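Worksheet: one structure, shown below.
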Amino acid sequence: MTAFAALSAFALTAGSAFAEPKAEVLHWWTSGGEAKAVAVLQQEFAQRGGTWTDMPVAGGGGDAAMSALRARVLSGNAPTAVQLKGPAIQEWYEEGVLADISDVAEEQHWADVLPARIADHMKCDGHWCAAPVNVHRVNWVWANKAILDANGIEMPKTWEEFNAAAEKLKAAGITPLAHGGQAWQDATVFETVVLGLGGPEFYHKALVELDQDALKSDTMKAVFDEMRTLRGYVDDNFSGRDWNLATAMVMNGEAAFQIMGDWAKGEFLAAGKTPGADFVCAPTPGDAGFLYNVDSFAMFKVDGAGKQEGQKILAELIVGPSFQETFNLNKGSIPVRTDVSLDKFDDCAKMSAADMKADGENGSLLPSYAHGMALRGAQAGAITDVVTAHFNSDMSSEEAVQQLATAVANSM
1140 MTAFAALSAF
1150 ALTAGSAFAE
1160 PKAEVLHWWT
1170 SGGEAKAVAV
1180 LQQEFAQRGG
1190 TWTDMPVAGG
1200 GGDAAMSALR
1210 ARVLSGNAPT
1220 AVQLKGPAIQ
1230 EWYEEGVLAD
1240 ISDVAEEQHW
1250 ADVLPARIAD
1260 HMKCDGHWCA
1270 APVNVHRVNW
1280 VWANKAILDA
1290 NGIEMPKTWE
1300 EFNAAAEKLK
1310 AAGITPLAHG
1320 GQAWQDATVF
1330 ETVVLGLGGP
1340 EFYHKALVEL
1350 DQDALKSDTM
1360 KAVFDEMRTL
1370 RGYVDDNFSG
1380 RDWNLATAMV
1390 MNGEAAFQIM
1400 GDWAKGEFLA
1410 AGKTPGADFV
1420 CAPTPGDAGF
1430 LYNVDSFAMF
1440 KVDGAGKQEG
1450 QKILAELIVG
1460 PSFQETFNLN
1470 KGSIPVRTDV
1480 SLDKFDDCAK
1490 MSAADMKADG
1500 ENGSLLPSYA
1510 HGMALRGAQA
1520 GAITDVVTAH
1530 FNSDMSSEEA
1540 VQQLATAVAN
1550 SM
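Residue numbers (this note's numbering): 1140 to 1551.
Written out as structure tokens, the structure is:
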């Protein structure tokens, strides 16, 4: 080899070894609490010498982000990392576009610090293909403490108690339930009612196994009856409202309750509100169960040493103890790692962690259908279409149950 060839080879090797880490990150964290949380990851990435290109796509639930992602992948220009979760990870893996990050996972001993049930969502054919960020509990009720105190209301433990409280508030001229009329928000409320009225076993049969008997049952009819009742507790201007604006209604005393995952708590905290003083939290009415929504990032196959190095750093940071604590303190969720101290977390988070542990042990730790953890897109979409059509019309519960069973059967 000539001296020139050797020098050229060295330059190529050095260029690869010292390529500047880069990451173009597609996500839908655009509200106040969410934006503050994702900024933590950007900062840690920059401290590792990386260049972050932010690609936020507004729209709660991520539907708009998934449309943007598909367009990028079809054009052969996939982002470095994408906020994905649940079965959607497997769907993109089957398209052959996800990168294998097992080397990072094994080096960082993820299997030792992640709950097995959640770790399974991050694997594709036994290989690690996504990095989990957090655990959100979906089945929460948030309330304005001053409104409850002024009206002599305690956090409801059953749906009957919730309805009684709502009637009392309505009579006092207060909007009982802050809600945004978007399909995913309707689905969020629906799945909490399924869990509360049917219990964990019924929830799993109906919304995970898609059992036809469960879908057509009297219990499901009772769920739609309750959804019709709840429709009477929202204000006239709910249609199209973003979830964080509904949270703001509770914060500002314009409504008493909101049924929403604990990302809502991130909004309260970002606004300087204090748990137990300004707002209160409780699991949605019912006996037991923890509906989880795990945010995660999947790494897509990309060319270039800088982008590939960026993916490894991102994956390491996302599951790292420092980011897990700081991010989740901002986001309202709890760390996905089981070895992160909760000393800095509030009582709602500590309750969430304790319930997750207990529900994990008794079989009632359940994936959220409404937030893409339980079902593939076609089946989840079929359910949500019926739920939102019923919520926004005078459709009877009997008709809704029949439409639900038919829509699910046709989606398979």
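For glycine and all other residues, C-beta sits at the position ideal for the given N, C-alpha and C. Because the structure is a prediction, the values reported are computed rather than measured.
- For Ala1394, the closest alpha carbon among the candidates Arg1187, Pro1226 and Lys1284 is that of Lys1284.
- Taken in chain order, the complete beta strand (DSSP E) segments of 3 or more residues contained in the segment 1208–1248 are 1220–1223.
- Each residue's CA atom was taken as its position, placing Ala1387 and Tyr1342 some 30 Å apart.
- By the neighbour-count criterion, in which a residue is buried when 16 or more other Cβ atoms sit within 10 angstroms of its Cβ, Gly1335 is buried.
- When the alpha-carbon of Gly1502 is set against those of Ala1403, Ala1421, Glu1340 and Phe1377, the nearest one is in Glu1340.
- Less than 9 Å divides the Cβ of His1275 from the Cβ of Lys1470.
- Every beta strand (DSSP E) of 3 residues or more that sits fully in the segment 1422–1469 is shown, in chain order, as 1429–1432 and 1435–1438.
- A Cβ-Cβ distance of about 6 Å is found for the pair Trp1281 and Phe1418, placing them in contact under the 8 Å criterion.
- The beta carbon of Asn1383 sits closer than 6 Å to those of Ser1170 and Glu1406, all from its chain and outside the five residues before and after it, given in chain order.
- In this structure, the CA atom of Ala1178 is about 30 Å from the CA atom of Thr1423.
- With a 10 Å radius around the Cβ and a threshold of 16 neighbouring Cβ atoms, Arg1380 comes out buried.
- Contact check for Val1243 against Ala1217 fails: the beta carbons are separated by 9 Å or more.
- Cβ contact annotation for Arg1211 (same chain, cutoff 7 Å, sequence separation greater than five): Ala1217 and Pro1218, in chain order.
- Counting the other CB atoms within 10 Å of its CB gives Leu1213 a total below 16, which places it among the exposed residues.
- In the pairwise beta carbon analysis, the segment 1492–1508 is classified as not touching the segment 1316–1323: fewer than three pairs are separated by under 8 Å.
- Distance check between Val1196 and each of Glu1306, Trp1168, Glu1173 and Glu1464 places Trp1168 closest, using alpha-carbon atoms only.
- Nearest to Met1366 by alpha-carbon distance, out of Ser1536, Lys1404, Ala1304 and Lys1483, is Ser1536.
- Separation of the CB atoms of Val1272 and Phe1436 is rounded to 7 Å, and the pair is thereby assigned contact status at 8 Å.
- Pro1339 carries a helical assignment under DSSP once its states are collapsed to helix, strand and coil.
- Residue range Trp1298 to Ala1310 is occupied by the alpha helix (DSSP H) that includes Phe1301.
- Within the DSSP secondary-structure output, Phe1396 pairs in a beta bridge with Ala1282 and Leu1316.
- A Cβ-Cβ contact shorter than 9 Å links Val1547 with Gln1351.
- Per the DSSP secondary-structure output, Leu1505 pairs in a beta bridge with Leu1430.
- The C-alpha of Asn1290 lies about 9 Å from the C-alpha of Ala1304.
- Comparing alpha-carbon positions, the option among Glu1183, Ala1174 and Ala1158 lying closest to Phe1462 turns out to be Glu1183.
- Beta bridge pairing from DSSP links Cys1420 with Trp1281.
- Between Ala1310 and Cys1268, the C-beta gap is not smaller than 9 Å, which leaves the two residues out of contact.
- Setting aside the 5 residues that flank it on each side, Trp1191 is surrounded in the same chain by Ala1162, Val1164, Gln1181, Phe1184 and Ala1185, each with a C-beta closer than 7 Å to its C-beta; the list follows chain order.
- Contact check for Val1277 against Ala1509 passes: the beta carbons are separated by less than 9 Å.
- Contact check for Val1540 against Leu1354 passes: the beta carbons are separated by less than 9 Å.
- Closest in alpha carbon position to Ala1519, among Ala1497, Ala1544, Ser1472 and Gln1447, is Ala1544.
- Between Tyr1372 and Leu1287, the CB-CB gap reaches or exceeds 9 Å.
- Nearest neighbour of His1266 by Cα position, chosen from Pro1160, Val1475 and Tyr1232, turns out to be Tyr1232.
- Per DSSP, the continuous alpha helix (DSSP H) segment holding Lys1175 begins and ends at Gly1171 to Gln1186.
- Pairing Ile1452 with Val1332, the inter-Cα distance amounts to about 40 Å.
- The residues Gly1320, in chain order, have a CB closer than 7 Å to that of Ser1378 in the same chain once the five nearest residues on each side in sequence are set aside.
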